[in-house]
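Letter by letter, the sequence shown follows residues 0 to 72 of numbering that gives the first Met the number 0. Step one of this worksheet: look at the structure below.
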Amino acid sequence: MHPSHILRQSSSGDSFSSRYWHNQPGRTKVVIATTALIAATTLAYYWGYQDVDKRQIERERVAALANTGEKRR
């Protein structure tokens, strides 16, 4: 006897994402998890260093203004 391809009804506690995750083969789970990890790391890097870049640009402007002010004296 072969298993049927009819999807079983989900219980009240199941969500689409949990059913989707548990129906995936192991290799696909690894690919999905790796992609999510890379995306999260990229977003964290961008979010964290975007402010650092803004502060660096501001420091360079202040330094440039200070240097031009010293030359005028």
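Glycine is no exception: its CB is placed at the ideal position from the N, C-alpha and C atoms.
Sequence-distant residues of the same chain with beta carbon closer than 8 Å to residue i, five excluded per side
i, result
"Leu36", "none"
"Thr34", "none"
"Lys28", "Trp20"
6 Å CB neighbourhood of residue i in its chain, flanking five on each side removed
i, result
"Arg26", "none"
"Leu42", "none"
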